[in-house]
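Read through the structure below, which is laid out as structure tokens, and then see the notes.
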Amino acid sequence: MLIIITYCIRKFSGGGGYVENEFNIYPFIVSLLYSVFGMNDMWGRIVSVIFAIFTVYGFYLLVRRIISEQTALWAAFIYSILPLNIYFSRAFMPESLMLMSSVLGIYFYNEWIENNKWKNYIFSLIFISLAALVKLPSLYLGLPLLFLSVNKFGKSFLTNWKIWLYVVLTFLPVILWYYHAHQLYLQTGLTFSIWNFGEDKWGMIDPLLTFKFYNDIFFKSIAERHLTYAAFILFIWGLFIKRKSSKEKLFDWWLIGIIIFIFIAPQAHLAQEYYQLPFTISASVFVAKVFEKYFNQPSIKESFKENRLVISFISLSLMVLILLSFLRVNNFMKSENYDATIFKFSNDIKLKVNKDDLIIYPSDGNPTLLYLSNRKGWILNPVELTSEQISEKKDQGAKYIVSEKKVFETEKQKENLKNIYNNYEIIIDNDEYFIASLKNK
Numbered sequence: 003m004l005i006i007i008t009y010c011i012r013k014f015s016g017g018g019g020y021v022e023n024e025f026n027i028y029p030f031i032v033s034l035l036y037s038v039f040g041m042n043d044m045w046g047r048i049v050s051v052i053f054a055i056f057t058v059y060g061f062y063l064l065v066r067r068i069i070s071e072q073t074a075l076w077a078a079f080i081y082s083i084l085p086l087n088i089y090f091s092r093a094f095m096p097e098s099l100m101l102m103s104s105v106l107g108i109y110f111y112n113e114w115i116e117n118n119k120w121k122n123y124i125f126s127l128i129f130i131s132l133a134a135l136v137k138l139p140s141l142y143l144g145l146p147l148l149f150l151s152v153n154k155f156g157k158s159f160l161t162n163w164k165i166w167l168y169v170v171l172t173f174l175p176v177i178l179w180y181y182h183a184h185q186l187y188l189q190t191g192l193t194f195s196i197w198n199f200g201e202d203k204w205g206m207i208d209p210l211l212t213f214k215f216y217n218d219i220f221f222k223s224i225a226e227r228h229l230t231y232a233a234f235i236l237f238i239w240g241l242f243i244k245r246k247s248s249k250e251k252l253f254d255w256w257l258i259g260i261i262i263f264i265f266i267a268p269q270a271h272l273a274q275e276y277y278q279l280p281f282t283i284s285a286s287v288f289v290a291k292v293f294e295k296y297f298n299q300p301s302i303k304e305s306f307k308e309n310r311l312v313i314s315f316i317s318l319s320l321m322v323l324i325l326l327s328f329l330r331v332n333n334f335m336k337s338e339n340y341d342a343t344i345f346k347f348s349n350d351i352k353l354k355v356n357k358d359d360l361i362i363y364p365s366d367g368n369p370t371l372l373y374l375s376n377r378k379g380w381i382l383n384p385v386e387l388t389s390e391q392i393s394e395k396k397d398q399g400a401k402y403i404v405s406e407k408k409v410f411e412t413e414k415q416k417e418n419l420k421n422i423y424n425n426y427e428i429i430i431d432n433d434e435y436f437i438a439s440l441k442n443k
């Protein structure tokens, strides 16, 4: 079992297969179900749904503890009906595990500082470490944890040995795992670009200097796709509702931590919308505060008389949110329809590329196409697709280049695409994707 969980085999790789990757506990759990019930994607989805249920329950407990029962109920409800939360809660991905670990880690940490019980300390330690092991960017959770520590202990938290032990024990498994994963990269050259600072996910300054980045992330992704504009308006409204206690600012600092993460890894957020899933945790609290303020008065009739327009607007926003969530989820599900481009593309690859032929796949890092086509190869960032890189992969056995055209966005990437068309035989070419044989023209 230890070998299985500590070595991620990238089955779509053109090399030996072992890859620098995050902690593999999620696929390991699914593999145990496979060993009992047989291979079926359904088991991965079931595992994700179970984690998502615990996320909602833990979220409810946390908000109830920090703010109130009414706010907790609204927050859990809002979080549960947001479209991408629904969609990714049943996706065969470790995001549900990461979100559950994040919420429960914060919840048990707050319980520990309030009750000083070791069981809460240990549970928090396990869940926060697990969140960072599964998704390294979860280290941003240090900010809300720091807030809780300062809010409870003041400056004396600096001399609290239990907090320092917590920090050490949290980082130790994370450091050990990612050191081990990096050794695999040094051996095989295979990675999911965890440490490509300034090249892929992390430290890209150029996107931050464009209006497109802020429009794509904060309006198209967070406002439109994650929250829907109905909930986004209520979220902004909730930000200006007065905090009833200092501890309530936990969700402000949680939100700030996520925003810092967005700016540290801008390219990753542009490439994959699920990177913003943690944003909806704190955002749901601020939306819930609007409902709690106007819908949980002792007399709703009296409240409606005094705030007729406000309550009518909030009610309309809720109905629009539910409607948009339904429509968005339905639209997202269509992307899994067999008429979708990715399924047509994978079928063309099966027809044109022999099963044992290795391919180069320029993409945003998503291996789904290689999984669906059951082919092996190398995933490259389109900017890396130089003549030298192609020649190197040819020497290692690559026979084809396959890619969707939409991933070639920058001038450098488009230049690399033009080079492919000029030098290699294009055997399939349409508006969406191409397949090129690496036999020279």
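3 is the number of the first residue of the sequence shown in the numbering used here; add one for each residue after it.
Built from N, CA and C at the ideal position, the CB exists for glycine as well.
The structure displayed is predicted, hence computed values, not measured ones.
**Message:** Tell me which residues share the same chain as ILE88 and place their Cβ nearer than 6 Å to its Cβ, disregarding the 5 neighbours each side in the sequence.
**Reply:** Hits under 6 Å: VAL331.
**Request:** Figure out for me which residue from ASN349, ILE124, SER327 and GLY367 has the closest Cα to the Cα of LEU167.
**Result:** ILE124
**Distance, SER82 Cα to ILE55 Cα** = 9 Å
**Contacting residues, own chain, Cβ-Cβ under 6 Å from GLY200 (five flanking each side not counted)** = Note that GLY200 scores a pLDDT of 48, beneath 50, so its modelled location is shaky; the value from the coordinates is reported in the next line. Hits under 6 Å: none found.
**Message:** Can you list, in chain order, the residues of its chain with a C-beta nearer than 8 Å to that of ASP218? Leave out the 5 residues immediately preceding and following it.
**Reply:** LEU272
**Asked** Nearest-angstrom Cα distance between ILE429 and GLN274?
**Response** 29 Å
**Prompt:** Which of the three DSSP states, helix, strand or coil, is assigned to PRO96?
**Reply:** coil
**Request:** Look up PHE436 in the DSSP assignment and give the residues it is bridged to.
**Result:** SER405 and ASP431
**Prompt:** Which residue spans inside the segment 139-221 form an unbroken alpha helix (DSSP H) run of at least 4?
**Reply:** Correct list: 144-155, 163-190 and 213-216.
**Prompt:** Is the distance from the Cβ of HIS228 to the Cβ of LEU360 below 8 Å?
**Reply:** no
**Asked** Leaving out five residues before and five after ASN122 in sequence, what residues of the same chain have Cβ atoms less than 8 Å from its Cβ?
**Response** PHE110, TYR111, GLU113 and TRP114
**Request:** For PHE237, collect the residues of the same chain with a Cβ closer than 7 Å to its Cβ; drop the 5 residues on either side in sequence, then sort them by chain order.
**Result:** LEU229, ALA285, PHE288 and VAL289
**Prompt:** Where does VAL312 sit, in a helix, a strand or coil, going by DSSP?
**Reply:** In this structure, VAL312 counts as helix in the three-state DSSP scheme.
**Request:** Return the CA-CA distance between TYR187 and SER70, expressed in angstroms with no decimal places.
**Result:** 48 Å
**Request:** Could you name the residues of the same chain whose beta carbon sits closer than 8 Å to that of VAL355, not counting the 5 residues immediately before and after it, in chain order?
**Result:** ILE361, SER375, ARG377, LYS401, TYR402, VAL404 and ILE437
**Asked** How is ILE262 classed by DSSP in three states: helix, strand or coil?
**Response** helix
**Request:** Apply the 10 Å Cβ neighbour rule to LYS336 and answer buried if 16 or more other Cβ atoms are within range, or exposed otherwise.
**Result:** Exposed.
**Request:** Compute the Euclidean distance between the alpha carbons of SER317 and LEU325, then round it to the nearest angstrom.
**Result:** 12 Å
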